[in-house]
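Note sheet for the following structure.
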Amino acid sequence: MSSFQGFEKRKADLIKEFSSISGSISLGKSTSNLFRDRKGQSSKINVRNFNHVLSVDTKNMIADVEGMTTYEELVNETIKHGVMPTVVPQLKSITIGGALTGLGIESSSFKYGLVHETITETEILLGNGDIIICTPNNKHKDLFFGFPNSYATLGYVLRLKVKLVPIKKYVELTHLKFSSAKKYFEKVGKLCKN
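Per the numbering used here, the sequence shown starts with residue 172, numbered consecutively.
Here is the structure:
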């Protein structure tokens, strides 16, 4: 885990870098789950180092995480505390910030919602260089609710807080077979109500 002091230093360095660039800016990062070439003439700001789990709070069941942290890194850290994120996408390289801005989903979403529905706070770098904290209840709540699936057109997530759930030693898996789509959807409906 990294400290909040480290996060604040990385953030200050990013703001300095951001303010020294004129013209178009895009993200300089090591990973992408977009399967297409992206060409452009924009200057890139380096966000690669925003990849730390800052804290795991098992009392309030919240992890404070930087945006470039992959789910693999997040899960590896949270399981040390007997918890995990409520929704964990299949691809290990998906970042938590990317899952928020690109609309992450997983099988546990039927119970907990999409990734953005498990986020309680975001710290976002805006296009003008300002950094704001967004929650469902503060003055930036419109951005908090409008940010999911925006593909970084509204800003870039530097830090966020994600809900956690306790982990268990074993997982029970049951395979069910259905002879018709109608019976299948009836069963899914019953399971979702529970």
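Ideal Cβ positions, reconstructed from N, Cα and C, are used throughout, including at glycine.
Bear in mind that the values here come from a model prediction, so they are computed numbers and not experimental data.
| Query | Result |
| --- | --- |
| Sequence-distant residues of the same chain with beta carbon closer than 7 angstroms to residue 303, five excluded per side | 295, 297, 311 |
| Cβ pair residue 300, residue 174 closer than 9 angstroms | no |
| Residue 268 beta carbon less than 9 angstroms from that of residue 237 | yes |
| Bounding residues of the beta strand (DSSP E) (the contiguous stretch that carries residue 217) | 214 to 217 |
| Cutoff 6 angstroms; reference residue 325; Cβ partners in own chain excluding five residues on either side | 318 |
| Whole-angstrom distance between residue 282 and residue 356, CA atom to CA atom | 16 angstroms |
| DSSP-derived helix/strand/coil call for residue 277 | coil |
| Residue 291 beta carbon less than 9 angstroms from that of residue 333 | yes |
| Cβ-based burial, residue 260 [other Cβ within 10 Å; buried from 16] | buried |
| With 16 other Cβ atoms within 10 Å as the buried cut-off, status of residue 179 | exposed |
| Beta-carbon spacing of residue 185, residue 314 below 9 angstroms | no |
| Alpha-carbon to alpha-carbon, residue 217 and residue 232 | 30 angstroms |
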